[in-house]
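K.L.:
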Amino acid sequence: MDNSKQVKHLYARAAFGIDYHQLQEQRNWSAKKVLKRLFKDSEPIQTLTAVTENIDLNPLPKEAGEEARKAQQEKRNQQEKALNNAWMNQLSTTNAQLREKLTLFWHNHFACNIGNYYYQQQLNNIMRTHALGNFKTLLTGVSQSPAMLNFLNNQQNSKAHPNENFARELMELFTLGRGHYTEQDIKESARAFTGWAYNGKNGEFNFRPGNHDDKPKTFMGKTGNFCGEDIIDMILANKQTAKYMSTKLYRYLVNETPDETHVNQMTDVFYNANYELKPLLEFVFTSDWFYEDKNIGNLIKSPVELLVDLNRRFHIKYENPDVLIQFQRTLGQVLFRPPNVAGWPGGKNWIDSSSLMYRMKIPSTILNAGVIDFAGKATPEDEAYLASQRKQQFNVIKRVQANADWNTFLQGIPIKVPREEVATYLLEPPINARITAEITKATDIKNMVIQLVSTPEYQLC
Amino acid sequence: MKRRDFLRNSTLASGAFLIPAFLKPFEALAKDALTGHKNLVIIQLSGGNDGLNTIVPFGSDVYYQKRKTIAIPNTEIIKLNDMQGLNPNLAALQEIYDQGWMSIINSVGYPNPDRSHFRSMDIWQTASDANEFLSTGWIGRYLDSNCQSCQNPYTAIEVDDTLSLAMKGQKMKGIAVQDPNKLFQTTREPFFKDLVNGPTDDHLHEDNLGYLYKTMIETYSSADYIQKTSKTYNVVAPYPSTGLGNQLKSVSKFINSGLDTRIYYVSLGGFDTHVGQQNQQGRQLKIYADAVAAFVKDLKQTSKLDDTMIMTFSEFGRRVEQNASNGTDHGTANNVFLFGGKLAKAGIYNDAPDLQNLENGDLKYKVDFRDVYATLLNKWLEVDNGSILNKNFAGLDLV
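Just so you know, the protein sequences line up as chains D and L, in that order.
Here the numbering used here runs 9 ahead of the position in the first sequence, where the first position is 1.
Here the numbering used here runs 22 ahead of the position in the second sequence, where the first position is 1.
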């Protein structure tokens, strides 16, 4: 039994790819056994601890001068970088891949963009802790986090003047999806969430009874003296929430185009398991349909997934990790900086004219000082370009300051392995005529590998 | 137009894809040369700009009653008539308005408005009904319509790193170019050229992989054209050094270098003002007005203002009554601005929003946004709007 295609696919979707030697080790395992391993590896919860100070707890005095403000902003910038680097590093090295893969999913689902990185880190750790646990626990934790209370203005949601922002996004983006609630439901539930706030002095969740509207509300046809927890319970009792979440997970893990039958199966599993995530994930990753050809090599990697994939395969060490933030910016996905409350739209939206070119150029920038060695016929114009690139080679190395561990990578691949097999290992979609032509032409295995990770095919997982 | 300019313009406009200009009948050539360089520049304000604090209805008592702490004081408003005036942060637009280069359309929206940012933005970008989901944008469908100059992705350029849904059609899409030179450098890798010209097979028809290859091939050829053409012109007019200022400066470069582009798209965010609106919105409005004023004056100087139409929209306006955090929540109808040297009706196009007659605290729309699009498509870009907007809209008497 050779399951290598299935094992590779599972690692591409439930993790961030698989090492060549790991693939050899597990190629005869059943999907069930591989999945058990992935869950076991993800048992440890390694929280991020890069940000140690909550700057907002010691606000600058009103009379603080320009210098002090600048210094404060600089501190914030440093915290942002530290947090970004810490997570990129964890994504690129952790063994708890399934946990991080889902944390990345929640990071986009519960998108939050605020300038307090202490709260951002706390929210990220809430997601990591419950990434594979219970959705209700996760949802409640997120909704009561200072980060989200701040971002969706529930801090300003008061009895006298409700602010509807949190209530609206809770239903539209976090649970039911558009079209499954009314404007009246938003207004009424916003009243139920009055009083949900955090303490500005210690940064902890702090329900304020005096600010809570305890008059009866009518929500989804029921009337009662509802509080925030009641609203969440009612939203989860509505099976539409299980369906909305199943659809979103299907699009993240299986295929951008939802298959109604499969999503309905997932919905039943999730709803009947009281929103426990593990049974749902097990169901998806052991279903026959998950391994159908149309679901293999057809998802577009997010920029972070692309960078993490490169980091993991080539064991890259960055002397100046800020380069990774630069790459995230160029490709359109900076961790902790989603464009708005809906997060990054993903899929084909990752790709346009310029982002695709950068995606294809970045591997050679990291792995080979910006040069894609090319054995085909070059025109005089190309030659001039190549010459100018080689002259700049030193500069590029200095700028990116990245070291790939080629030895480890190449040692993992036995010398006699046919080129096509290396290509099959690196690329998820089936090998086609263009790829075959390129791998035949490449001068040596290292150049071939750089070329392979610079193709449109490598953008897919 | 002099004959020499004629020939030069028509060569630029047609490229290698059309019949050589000298083989065309004179009338066709004349029309082509005269209309081929009409530009439409779209500026999107993201986050739902509060239109009532932008074009302020100071003549209405209701405005001051409902906005006790965030209303713009009467004395600060730049009055345009006895009902409406400009937010003081839009001061830079006063001169533009006085010159007859600005038109304000009030109460633009659509039936059954959706107050979600994402859905409303989708509706504006795809030109769909509120209950209809389209996966193509209205500019993308314009490209799909095979208009005479629509064969190339650079017919529509978004000055940004990524492409909005508005710019994506079924077969064609626009191109995102923040920096033409950087895009060009990246595409010139010989290996990429090899991939572009490599053997084809069936895999390339599959959805995502096919999409990637198609994008790569189109980018490869467009980057070359945009870089080579745009570097022939340097913008001399002063622009504010803001993001939007820089983007509009790039658009000026593109327009003035004679790029065969019909539509430019830029956006400015930061208008989601639930809390402490006055400062936040004021800052953004100033960035907007200063950049647009610089752009309009620049185009006037280079004689391109008559060939340019600029439209500004936001996905919705805000609720009439302020909330308790000195902000406003998501609302419905909003104003749309047009700028250009050839406006049929400059000034305020229609009545100020009716603050007495609301629906659940929100403005009722009077003009369907697709009537604005239809006007631009029919009268400015000279294509039949019905096939692009999926139904016929009468349009307005604006252009």
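Where is the CB? At the ideal position from N, CA and C, for every residue including glycine.
Quantities reported herein were computed from a predicted structural model and do not represent experimental measurements.
#1: Counting contacts by CB-CB distance shorter than 8 Å, is LYS257 (chain D) in contact with chain L?
#2: Please list the terminal residues of the continuous alpha helix (DSSP H) segment that includes THR112 (chain D).
#3: Counting only the same chain and skipping the five closest in sequence on each side, list residues whose C-beta sits under 7 Å from that of SER167 (chain D).
#4: Using 8 Å as the limit for Cβ to Cβ distance, is THR57 (chain L) near chain D?
#5: Can you give me the start and stop residues for the beta strand (DSSP E) that TYR85 (chain L) sits inside?
#6: Please return the same chain residues whose Cβ sits closer than 7 Å to the Cβ of ALA351 (chain D), not counting the five positions on each side in sequence.
#7: If we call anything under 8 Å between Cβ atoms a contact, is TYR387 (chain L) one with LEU420 (chain L)?
#8: DSSP has LEU360 (chain L) in a bridge; who is on the other side?
#9: Just to make sure I have the definition right: I need the residues of chain L whose C-beta is within less than 8 Å of the C-beta of THR464 (chain D). Which are they?
#10: Among the candidates D:TYR128, D:THR374, D:LYS252 and D:PRO427, whose CA atom is the shortest distance from the CA of GLN401 (chain D)?
#11: Which chain D residues are close to THR446 (chain L), counting only those with a beta carbon under 9 Å from its beta carbon?
#12: Starting from the C-beta of GLN88 (chain D), find all residues in its chain whose C-beta is less than 7 Å away, skip the five residues before and the five after it, and write them out in chain order.
#13: What residue range does the beta strand (DSSP E) around GLU180 (chain L) cover?
#14: Please report the Cβ distance between PRO465 (chain D) and TYR235 (chain L), rounded to the nearest whole angstrom; I am assuming they are in contact, meaning their Cβ atoms lie under 8 Å.
#15: Is the distance from the Cβ of VAL458 (chain D) to the Cβ of LEU436 (chain D) below 8 Å?
#16: If we count Cβ pairs, one from each stretch, closer than 8 Å, do we get three or more for the stretch 62-78 of chain L versus the stretch 326-343 of chain L?
#17: Which residue's Cα is closest to the Cα of HIS116 (chain D): D:ALA201, D:MET254, D:ASP242 and D:ARG346?
#18: Can a CB atom of chain D be found closer than 8 Å to the CB of ASP83 (chain L)?
#19: Among L:GLY353, L:ALA346 and L:THR330, which one has its Cα closest to the Cα of GLY362 (chain L)?
#20: Along chain L, in chain order, which residues have C-beta atoms closer than 8 Å to that of HIS170 (chain D)?
#21: Just checking: is the beta-carbon of GLU49 (chain L) within a distance shorter than 8 Å of some beta-carbon in chain D?
#22: What three-state label does DSSP hand THR58 (chain D) in the structure shown?
#23: Determine the burial state of GLU117 (chain L): buried for a count of at least 16 other Cβ atoms within 10 Å of its Cβ, exposed for fewer.
#24: Roughly how many angstroms lie between the CA atoms of ASP27 (chain L) and LYS450 (chain D), to the nearest whole one?
#25: Output, in chain order, the set of chain L residues within a Cβ distance shorter than 7 Å of GLU285 (chain D).
#26: In chain order, what residues of the same chain have a beta carbon less than 8 Å from the beta carbon of PHE423 (chain L), not counting five sequence neighbours either side?
#27: Looking at chain D, is there any beta carbon in it that lies within less than 8 Å of the beta carbon of VAL421 (chain L)?
#28: Which residue spans inside the stretch 282-322 of chain L form an unbroken beta strand (DSSP E) run of at least 3?
#29: Roughly how far, in whole angstroms, is the beta-carbon of ILE241 (chain D) from the beta-carbon of LEU148 (chain D), given that I think they are within contact range, below 8 Å?
#30: Quick check: what's the CA-CA separation for PRO372 (chain D) versus GLU240 (chain L)?
#31: Does DSSP put HIS139 (chain L) in a helix, in a strand, or in coil?
#32: Expressed to the nearest angstrom, what Euclidean distance is found between the alpha-carbon atoms of ILE197 (chain L) and SER362 (chain D)?
#33: Does the stretch 307-319 of chain D come close enough to the stretch 27-34 of chain D to have 3 or more Cβ pairs within less than 8 Å?
#34: Spell out the partners DSSP gives GLY233 (chain D) in its beta bridges.
#35: The beta strand (DSSP E) that contains ILE64 (chain L), what's its start and end?
#36: Identify the continuous alpha helix (DSSP H) that holds ASP229 (chain L) and give its terminal residues.
P.N.:
According to the structure data:
#1: Taking the first residue of the first sequence as 1, we reach residue 257 (chain D) at position 248. Not closer than 8 Å to any Cβ of chain L, the Cβ of LYS257 (chain D) fails to qualify, so no.
#2: Mapped onto the first sequence, residue 112 (chain D) falls at position 103. From DSSP, the alpha helix (DSSP H) with THR112 (chain D) extends over 106-118.
#3: Translated into the one-based positions of the first sequence, residue 167 (chain D) becomes position 158. Result list for SER167 (chain D): THR203 and ASN220, in chain order.
#4: The residue you call residue 57 (chain L) lines up with position 35 of the second sequence. In this prediction, THR57 (chain L) scores a pLDDT of 45, lower than 50, which makes its location untrustworthy; no coordinate-derived value is stated.
#5: In the second sequence, residue 85 (chain L) corresponds to position 63, counting from 1. Unbroken run through TYR85 (chain L) is the alpha helix (DSSP H), 83-88; no beta strand (DSSP E).
#6: Position 342 of the first sequence holds residue 351 (chain D). The beta carbon of ALA351 (chain D) sits closer than 7 Å to the beta carbons of ALA120 and LEU182 from its chain, once the five residues preceding and following it are set aside; these are given in chain order.
#7: Reading the second sequence from its first residue, position 365 is the one you call residue 387 (chain L). Reading the second sequence from its first residue, position 398 is the one you call residue 420 (chain L). No; because the gap between Cβ atoms is not below 8 Å, this pair is not in contact.
#8: Position 338 of the second sequence, counting from 1, holds the residue named residue 360 (chain L). L:SER125 and L:MET333, per the DSSP bridge assignment.
#9: Locating residue 464 (chain D) in the first sequence gives position 455, counting from the first residue. Per Cβ cutoff of 8 Å: LEU217.
#10: By one-based count along the first sequence, residue 401 (chain D) stands at place 392. The shortest C-alpha separation from GLN401 (chain D) is found at D:THR374.
#11: Any question about residue 446 (chain L) goes unanswered here, given that chain L covers just 23 to 421.
#12: Taking the first residue of the first sequence as position 1, residue 88 (chain D) is located at position 79. Cβ within range, chain order: VAL60 and TYR126.
#13: Within the second sequence, residue 180 (chain L) is the residue found at index 158, counting from 1. Per DSSP, GLU180 (chain L) belongs to the beta strand (DSSP E) from 178-180.
#14: Numbered from its first residue, the first sequence carries residue 465 (chain D) at position 456. Numbered from its first residue, the second sequence carries residue 235 (chain L) at position 213. Taking a contact as a CB-CB distance under 8 Å, the pair PRO465 (chain D) and TYR235 (chain L) counts as one, their CB atoms being some 6 Å apart.
#15: The sequence position of residue 458 (chain D) within the first sequence is 449, counting from 1. The sequence position of residue 436 (chain D) within the first sequence is 427, counting from 1. No. Outside cutoff.
#16: yes
#17: To locate residue 116 (chain D), count along the first sequence from 1; it is residue 107. HIS116 (chain D) has its Cα closest to that of D:ARG346, out of D:ALA201, D:MET254, D:ASP242 and D:ARG346.
#18: Your numbering for residue 83 (chain L) matches position 61 in the second sequence. No, no contact with chain D.
#19: Here residue 362 (chain L) refers to the residue found at position 340 of the second sequence. Among L:GLY353, L:ALA346 and L:THR330, the Cα nearest to that of GLY362 (chain L) is on L:THR330.
#20: Along the first sequence, one-based indexing puts residue 170 (chain D) at 161. Simply ASN345, ALA346 and SER347.
#21: Taking the first residue of the second sequence as position 1, residue 49 (chain L) is located at position 27. The predicted position of GLU49 (chain L) is uncertain, since its pLDDT is 35 and thus under 50; no value can be drawn from it.
#22: Numbered from its first residue, the first sequence carries residue 58 (chain D) at position 49. Correct three-state label for THR58 (chain D): coil.
#23: For the purposes of this step, residue 117 (chain L) is taken as the residue at position 95 of the second sequence. Burial call: exposed.
#24: Here residue 27 (chain L) is taken as the residue at index 5 of the second sequence, counted from 1. Here residue 450 (chain D) is taken as the residue at index 441 of the first sequence, counted from 1. Reliability fails at ASP27 (chain L), whose pLDDT of 39 lies under 50, so the model's placement of it is uncertain and the value that follows must be treated cautiously. Annotation: ASP27 (chain L) to LYS450 (chain D) spans about 48 Å, alpha carbon to alpha carbon.
#25: Against the first sequence, residue 285 (chain D) aligns to sequence position 276. By Cβ distance, chain L contributes nothing, its closest Cβ being about 29 Å from GLU285 (chain D), past 7 Å.
#26: In this structure chain L extends from 23 to 421, so residue 423 (chain L) is not present and cannot be described.
#27: Mapped onto the second sequence, residue 421 (chain L) falls at position 399. Not an interface residue.
#28: Counting whole runs of 3 or more residues, the stretch 282-322 of chain L contains the beta strand (DSSP E) stretches 285-290.
#29: On the first sequence, position 232 is the one that residue 241 (chain D) refers to. On the first sequence, position 139 is the one that residue 148 (chain D) refers to. Sure, about 6 Å apart at Cβ, within 8 Å.
#30: Locating residue 372 (chain D) in the first sequence gives position 363, where the first residue counts as 1. Locating residue 240 (chain L) in the second sequence gives position 218, where the first residue counts as 1. The straight-line gap from Cα to Cα measures roughly 22 Å.
#31: Indexing the second sequence from 1 puts residue 139 (chain L) at position 117. HIS139 (chain L) falls in the helix class under three-state DSSP.
#32: As a position in the second sequence, residue 197 (chain L) is number 175, starting the count at 1. As a position in the first sequence, residue 362 (chain D) is number 353, starting the count at 1. Cα to Cα, ILE197 (chain L) sits roughly 6 Å from SER362 (chain D).
#33: no
#34: Within the first sequence, numbered from 1, the residue matching residue 233 (chain D) stands at position 224. GLY233 (chain D) is bridged to D:LYS226.
#35: Counting from 1 along the second sequence, the entry for residue 64 (chain L) is found at position 42. It spans 61-67 - the beta strand (DSSP E) in which ILE64 (chain L) sits, taken as one unbroken run.
#36: Counting from one through the second sequence, the residue named residue 229 (chain L) turns up at place 207. Segment 229-252, the alpha helix (DSSP H) holding ASP229 (chain L).
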